[in-house]
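Scroll down for the structure; my scribbles are underneath it.
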Amino acid sequence: MKDQSVESPFSDPVTITIVNNPPNVPTVIGPSQGIVNEDVNITVNANDPDGHPIRYKVDWNGDGSVDSTTLYMESGVPHSIIHAYTTAGDYTIRVKAQDEWGLETDWSSGLAIHISSPANISIGTITSEKNQIHAEIKNVGEASATNVQWQIQINGGLKLFVNISNGTISELNGGSTQVVTLTGNKYGIGIGLGLLSPNPIITISATCDEGLSAAKNATAMIFFKRVWNVQ
Ligand SMILES: [Ca+2]
Ligand SMILES: [Ca+2]
Numbered sequence: 022m023k024d025q026s027v028e029s030p031f032s033d034p035v036t037i038t039i040v041n042n043p044p045n046v047p048t049v050i051g052p053s054q055g056i057v058n059e060d061v062n063i064t065v066n067a068n069d070p071d072g073h074p075i076r077y078k079v080d081w082n083g084d085g086s087v088d089s090t091t092l093y094m095e096s097g098v099p100h101s102i103i104h105a106y107t108t109a110g111d112y113t114i115r116v117k118a119q120d121e122w123g124l125e126t127d128w129s130s131g132l133a134i135h136i137s138s139p140a141n142i143s144i145g146t147i148t149s150e151k152n153q154i155h156a157e158i159k160n161v162g163e164a165s166a167t168n169v170q171w172q173i174q175i176n177g178g179l180k181l182f183v184n185i186s187n188g189t190i191s192e193l194n195g196g197s198t199q200v201v202t203l204t205g206n207k208y209g210i211g212i213g214l215g216l217l218s219p220n221p222i223i224t225i226s227a228t229c230d231e232g233l234s235a236a237k238n239a240t241a242m243i244f245f246k247r248v249w250n251v252q
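Its first residue numbered 22, the sequence shown is counted upward by one per residue in our numbering.
Below, the structure written as structure tokens:
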């Protein structure tokens, strides 16, 4: 049988223009300070006028090249993005947004952030004065050390009188030093008779909430209230 169907010719073409608009430049909110290897959390938000899902491209070090790109997300809703810097320094964070059709914004204005080296505690110089022993507790890092618990203990010799002292420094700023002291009572200081050999050992130790610890030993000649020849 002969096919009876007949097709009409195509209609005249109709041009449909799909207008796409880029998102607006993202706002970026974040801290001005951070610590090496700890998460930095920024909040970004851009709106696409067409309601297209958007993704964020982040330049974490201000060199103009994208370091990380998020998944596509709902437009006009704040999102947080996390990054940890491995090196201390000053950085500028910039973010741009791109809709799912590839239209993207300019870079946002820069967000400056200073990344500090972590806290690092150590024991400095140990000195004596009459019936006292002094020790320097140092934070040679840049970030603060918190709840620094220190102890001075005299080991060896005869265990009499005061031979231990301890305390807490609630915050030891980066680059700072605090002197802590063991003071004998009116009878004396934890005695190792100065003429005994080996001389008593003074141990200074410190820990802090950041999980750090430091310790240092010195020997001293101690006779009742007098401490000398600390080394
Ligand atoms: Ca769009
Ligand atoms: Ca970069």
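From the three backbone atoms N, C-alpha and C, an ideal C-beta is built for every residue, glycine too. As the structure is a prediction and not an experimental result, all values here were calculated from the model.
Reducing DSSP to helix, strand and coil, say where residue i ends up.
{"i": "Tyr-77", "result": "strand"}
{"i": "Asp-71", "result": "coil"}
{"i": "Tyr-93", "result": "coil"}
{"i": "Ala-118", "result": "strand"}
{"i": "Glu-231", "result": "coil"}
{"i": "Trp-171", "result": "strand"}
{"i": "Thr-126", "result": "coil"}
{"i": "Gly-177", "result": "coil"}
{"i": "Ala-164", "result": "coil"}
Please report the Cβ distance between residue i and residue j, rounded to the nearest whole angstrom; I am assuming they are in contact, meaning their Cβ atoms lie under 8 Å.
{"i": "Gly-196", "j": "Asn-238", "result": "So it is not a contact: roughly 25 Å between Cβ atoms."}
{"i": "Val-201", "j": "Ile-158", "result": "6 Å"}
{"i": "Leu-203", "j": "Ile-173", "result": "4 Å"}
Where residue i and residue j are concerned, what is the direct C-alpha to C-alpha distance, given to the nearest angstrom?
{"i": "Gln-252", "j": "Ile-223", "result": "10 Å"}
{"i": "Glu-163", "j": "Ile-175", "result": "31 Å"}
{"i": "Ser-191", "j": "Ser-101", "result": "32 Å"}
{"i": "Thr-107", "j": "Ile-63", "result": "17 Å"}
{"i": "Thr-126", "j": "Val-46", "result": "5 Å"}
{"i": "His-135", "j": "Asp-80", "result": "15 Å"}
{"i": "Thr-91", "j": "Phe-31", "result": "45 Å"}
{"i": "Ala-236", "j": "Gly-110", "result": "29 Å"}
{"i": "Gly-55", "j": "Tyr-93", "result": "27 Å"}
{"i": "Asp-120", "j": "Asp-33", "result": "33 Å"}
{"i": "Gly-177", "j": "Asn-184", "result": "10 Å"}
{"i": "Ala-241", "j": "Ser-137", "result": "38 Å"}
Subject >> contact_flag[the segment 143–151, the segment 112–121] where n(CB pairs < 8 Å) is 3 or more >> reply: They do not touch, by the three-pair rule.
Original post:
Three or more C-beta pairs closer than 8 Å, one from the segment 70–88 and one from the segment 149–161: is that the case here?
Top reply: Taking a cut-off of 8 Å on C-beta distances, the segment 70–88 does not touch the segment 149–161, as fewer than three cross pairs fall below it.
Original post:
Which residues have their C-beta within less than 5 Å of a heavy atom of ligand 2, listed in chain order?
Top reply: This criterion selects Asp-80, Asn-82, Asp-84, Ser-86, Asp-88.
Original post:
Using the beta carbon as the reference atom, which residues fall closer than 7 Å to any heavy atom of ligand 1, ordered along the chain?
Top reply: That query returns the following residues: Asn-41, Asn-42, Pro-43, Pro-44, Asp-69, Pro-70, Asp-71, His-73, Asp-120, Trp-122, Leu-124.
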